[in-house]
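Asker: Top line first, the protein sequences correspond to chains A and B. In short: position in the first sequence from 1, add 357, done, that's my numbering. In short: position in the second sequence from 1, add 3, done, that's my numbering. Glycine included, each C-beta is placed from N, C-alpha and C at the ideal position. Note that this is a predicted model, so its numbers are computed, not measured. Here's a structure for you.
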Amino acid sequence: MEHNLEVINLTKNYPEFQLKKINIKLPKGKIIGLIGENGSGKTTTIKAILNLISYDKGNIIIFGKDNKDLTKIDREQIGIVLDDSFFSPILNVNDINKLMKYFYHNWNEKLYYETIKKFKIPCNKPLKEFSSGMKMKIKVLCAIAHKPKLLILDEPTNGLDPIFRYEIIELFNNFVSNSENSILMTTHITSDLEHLADEVIFIDDGHIILDVSKKEIDNEYGIVELLENDFINLNNEDYIKCLKYKNAIYILVNPKYKFQKKYPKLEIRKPSLEELMLLLVKGD
Amino acid sequence: MNTIKGLLLKDLDVFKNFKGNIIFSAFMFIFLITIGSVRSEIFTFGSILFLIFFGMNSISSFSYDENAETDKYLLSLPISRKDIVLSKYLFVFLNSFIALIIGIFISFIITIIVRGKVNNIGDSLRICLIAFTSVSFLMGANIPCIYKWGVEKGRMQSVIIPALFIFLIGTFGSLLLLLFPELYTNINLLYIFKISPYICLILNILIYVISYLISYKIFFKKSI
Chain A
358 MEHNLEVINL TKNYPEFQLK KINIKLPKGK IIGLIGENGS GKTTTIKAIL
408 NLISYDKGNI IIFGKDNKDL TKIDREQIGI VLDDSFFSPI LNVNDINKLM
458 KYFYHNWNEK LYYETIKKFK IPCNKPLKEF SSGMKMKIKV LCAIAHKPKL
508 LILDEPTNGL DPIFRYEIIE LFNNFVSNSE NSILMTTHIT SDLEHLADEV
558 IFIDDGHIIL DVSKKEIDNE YGIVELLEND FINLNNEDYI KCLKYKNAIY
608 ILVNPKYKFQ KKYPKLEIRK PSLEELMLLL VKGD
Chain B
4 MNTIKGLLLK DLDVFKNFKG NIIFSAFMFI FLITIGSVRS EIFTFGSILF
54 LIFFGMNSIS SFSYDENAET DKYLLSLPIS RKDIVLSKYL FVFLNSFIAL
104 IIGIFISFII TIIVRGKVNN IGDSLRICLI AFTSVSFLMG ANIPCIYKWG
154 VEKGRMQSVI IPALFIFLIG TFGSLLLLLF PELYTNINLL YIFKISPYIC
204 LILNILIYVI SYLISYKIFF KKSI
């Protein structure tokens, strides 16, 4: 299977933080979600992929080339959304269109304005007068209007209300539907990935604690809500993590069929990504 | 080349934000030049006023970029670090140069209208060029400081470093005159003033090239 992006043993040392041996393989036509707490290393990984920071060890391969050897033409095949940076807020949608035409040979002005119209974004208003959701829509639009093959998105649904999020998610699903394009995205809103991601990578304290396909989560992982009396009867090897919350104890099990066989009376349900993240990071 | 054009256009858009201030200041300056030209037939005052005010305004484009973290975004597009630094220098240079030309043109016209004639055109142009070189020097010392420390954090260094350079150059000049007092004659000073356009040209090239190389080296190593 061909990959649009490969991150191999990426290591970056800061005085107070270390990114340890991050591995990501993003095949064509797939979406990978990178999730984790604030400060877990998601944005550092994205920055290293984009060559915005140097790294100490490892390799980053984009379209089969080292990321440091990418030509301008290669880089035109990548679309970016960064949560915290964009053009000056005094620019408007028309200004951005003019600039992007200079930066991308294959900038699709028609697609840009069609989507602007679809999203009901005013063209002459400066960015500073937009809501954060509107600004995010423009950022996403700038990332896709030159028809890239790879999208790298840092918190692309941040600040969006559910209806905007739905529209953006639809946009991403359409983007990968040709089986050539791929998306790597970080997000805090794990519910977005439930409908979007093919694979989910959990990062905690600079290293990957779980790299699993969405299918595997659905088929193999289970969550069981127990009372303290029921929990005492379990063996440690029956579950991966447990977390006490209010009056109940939640346990994460894998594979769930094995647990179900051993404890047929206990009810197992599919974990949400948020529950999975919470149990993996905060559970014992 | 297209990328550089785009980056210049991005910086030019910054001026949209203070369009009102620019127009108001231009009218104020025209008023001051008109008053000044009643007393004098040379047009250096107004030209330098335009040069300093509008020319040095280009520094605000760094501030806008810093606030929006635009460099980070630009570097994730097909734009190199070299393009970003080069476009900034071109913007600063063109901005100062155009401000000077407009300043000279307006001052010249006003002086003609008010006084009916303009005296010492050559000397006035020489003084304008010396002022332009001084602005280039200040910008040339400022920009690497901005790349190193940022607009906000580098505010102090942006004042101290050019001041230090001026102090060193002044000290060197004083020492030179102390050791070779025969250099300090009217003939030499007049001669230097006469050839000042050539000296200014060489100094401007040196200032911009050296400053660009320092800034590029800083920005190349910088984690964004």
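Report, in whole angstroms, the separation of the C-beta atoms of A102 (chain B) and F53 (chain B), which I expect to be a contact under 8 Å.
Answerer: Within the second sequence, numbered from 1, the residue matching residue 102 (chain B) stands at position 99. Within the second sequence, numbered from 1, the residue matching residue 53 (chain B) stands at position 50. Rounded, the Cβ-Cβ distance is 5 Å, consistent with contact.
Asker: Among the residues of its own chain, which have a CB less than 7 Å from the CB of M491 (chain A), if the five just before and after it don't count?
Answerer: Indexing the first sequence from 1 puts residue 491 (chain A) at position 134. Closer than 7 Å at the Cβ level, and outside the excluded window around M491 (chain A), lie I478.
Asker: List the endpoints of the continuous beta strand (DSSP E) containing C599 (chain A).
Answerer: Within the first sequence, residue 599 (chain A) is the residue found at index 242, counting from 1. Here the beta strand (DSSP E) through C599 (chain A) covers 598–602.
Asker: With a cut-off of 8 Å on the beta carbons, I'd call F48 (chain B) and I62 (chain B) a contact; round off their distance for me.
Answerer: In the second sequence, residue 48 (chain B) corresponds to position 45, counting from 1. In the second sequence, residue 62 (chain B) corresponds to position 59, counting from 1. Actually they are not in contact, since the Cβ atoms of F48 (chain B) and I62 (chain B) sit about 23 Å apart, beyond 8 Å.
Asker: State the start and end residues of the unbroken beta strand (DSSP E) segment that holds G436 (chain A).
Answerer: Position 79 of the first sequence, counted from the start, is the residue given in the question as residue 436 (chain A). Run containing G436 (chain A): 435–438, per the beta strand (DSSP E) assignment.
Asker: If you drop the 5 nearest sequence neighbours on each side, which residues of the same chain put their C-beta closer than 7 Å to that of L439 (chain A)?
Answerer: Numbered from 1 along the first sequence, position 82 holds the residue referred to as residue 439 (chain A). D511.
Asker: Can you say whether A166 (chain B) is buried or exposed, counting buried as having 16 or more other CB atoms within 10 angstroms of its CB?
Answerer: In the second sequence, counting from the first residue as 1, residue 166 (chain B) sits at position 163. Counting Cβ neighbours within 10 Å, A166 (chain B) comes out exposed, since fewer than 16 surround it.
Asker: Taking DSSP as the reference, what is the three-state secondary structure of E556 (chain A)?
Answerer: Here residue 556 (chain A) refers to the residue found at position 199 of the first sequence. Three-state DSSP puts E556 (chain A) in a strand.
Asker: According to a CB-to-CB cut-off of less than 8 Å, which residues of the stretch 460–477 of chain A neighbour chain B?
Answerer: F460, Y461
Asker: Relative to the alpha-carbon of H552 (chain A), which residue among A:I566, A:I574, A:N538 has its alpha-carbon at the smallest distance?
Answerer: Mapped onto the first sequence, residue 552 (chain A) falls at position 195. Comparing Cα positions, the closest option is A:I574.
Asker: Can you list, in chain order, the stretches of the alpha helix (DSSP H) that have 4 or more residues and sit fully within the stretch 94–168 of chain B?
Answerer: 124–152
Asker: Mind checking if A71 (chain B) is an interface residue toward chain A, Cβ cutoff 9 Å exclusive?
Answerer: On the second sequence, residue 71 (chain B) is found 68 positions in, with the first residue counted as 1. By this cut-off, A71 (chain B) is an interface position.
Asker: Residues of chain A with CB closer than 7 Å to the CB of I75 (chain B), please, in chain order.
Answerer: Counting from 1 along the second sequence, the entry for residue 75 (chain B) is found at position 72. According to the sequence displayed, residue 75 (chain B) carries Lys and not Ile. The answer, in chain order, is L409, L439, S442.
Asker: Determine, for I509 (chain A), whether the minimum Cβ-Cβ distance to residues of chain B falls below 9 Å.
Answerer: Counting from one through the first sequence, the residue named residue 509 (chain A) turns up at place 152. It does; some Cβ of chain B falls within 9 Å.
Asker: Assuming T107 (chain B) contacts F46 (chain B) (C-beta within less than 8 Å), just tell me the rounded distance between them.
Answerer: In the second sequence, the residue the question calls residue 107 (chain B) occupies position 104. In the second sequence, the residue the question calls residue 46 (chain B) occupies position 43. In the sequence on display, residue 107 (chain B) carries Ile and not Thr. Yes, they are in contact, since the Cβ atoms of I107 (chain B) and F46 (chain B) sit about 7 Å apart, within 8 Å.
Asker: If you measure from the beta carbon of V95 (chain B) to each beta carbon in chain A, is any gap under 9 Å?
Answerer: By 1-based counting over the second sequence, the position of residue 95 (chain B) is 92. V95 (chain B) does not count as touching chain A.
Asker: For K8 (chain B), go through chain A and note every residue whose CB falls closer than 9 Å to its CB, in chain order.
Answerer: Position 5 of the second sequence holds residue 8 (chain B). Neighbours of K8 (chain B) on chain A, chain order: Y459.
Asker: Please decide whether D452 (chain A) counts as near chain B, where near means a Cβ-Cβ distance under 9 Å.
Answerer: Translated into the one-based positions of the first sequence, residue 452 (chain A) becomes position 95. So yes, D452 (chain A) belongs to the interface.
Asker: When you compare each of A:Y578, A:Y602, A:I606, A:L637 to N590 (chain A) by their alpha carbons, which one comes out closest?
Answerer: Position 233 of the first sequence holds residue 590 (chain A). That would be A:I606, whose Cα lies nearest to the Cα of N590 (chain A).
Asker: Using 8 Å as the Cβ pair cut-off and three pairs as the minimum, do the stretch 163–178 of chain B and the stretch 79–93 of chain B touch?
Answerer: no
Asker: Within its chain, find whatever has a CB closer than 7 Å to the CB of I25 (chain B); leave out the 5 residues flanking it on each side and keep chain order.
Answerer: Indexing the second sequence from 1 puts residue 25 (chain B) at position 22. Taking C-beta separations shorter than 7 Å and ignoring five residues to either side along the sequence, the partners of I25 (chain B) in its chain run F18, following chain order.
Asker: Three or more C-beta pairs closer than 8 Å, one from the stretch 501–519 of chain A and one from the stretch 426–438 of chain A: is that the case here?
Answerer: yes
Asker: May I ask which residues mark the beginning and end of the beta strand (DSSP E) holding D518 (chain A)?
Answerer: Within the first sequence, the letter at position 161 stands for residue 518 (chain A). Taken as a continuous stretch (DSSP letters only), D518 (chain A) belongs to no beta strand (DSSP E), as it is neither H nor E.
Asker: I need the DSSP call for K8 (chain B), collapsed to helix, strand or coil.
Answerer: Residue mapping note: residue 8 (chain B) aligns to position 5 of the second sequence, counting from 1. K8 (chain B) falls in the helix class under three-state DSSP.
Asker: Output yes if chain A places a C-beta closer than 9 Å to the C-beta of K85 (chain B); else output no.
Answerer: Locating residue 85 (chain B) in the second sequence gives position 82, counting from the first residue. Not closer than 9 Å to any Cβ of chain A, the Cβ of K85 (chain B) fails to qualify, so no.
Asker: Along chain A, which residues have their Cβ under 7 Å away from the Cβ of P194 (chain B)?
Answerer: Translated into positions along the second sequence, residue 194 (chain B) becomes position 191. In the sequence under discussion, the amino acid at residue 194 (chain B) is Tyr, which differs from the Pro named in the question. Residues of chain A passing the Cβ test: none, with the nearest at roughly 47 Å.
Asker: So what does DSSP say about N424 (chain A), is it helix, strand or coil?
Answerer: Translated into positions along the first sequence, residue 424 (chain A) becomes position 67. Three-state result, N424 (chain A): helix.
Asker: Say the cut is 8 Å; is the CB of F616 (chain A) nearer than that to a heavy atom of the ligand GTP?
Answerer: Looking at this structure, you won't find the ligand GTP or any other ligand, since it has none at all.
Asker: Would you tell me roughly how many angstroms separate the C-alpha atoms of L541 (chain A) and I388 (chain A), rounded to the nearest one?
Answerer: To locate residue 541 (chain A), count along the first sequence from 1; it is residue 184. To locate residue 388 (chain A), count along the first sequence from 1; it is residue 31. C-alpha separation (whole angstroms): 6 Å.
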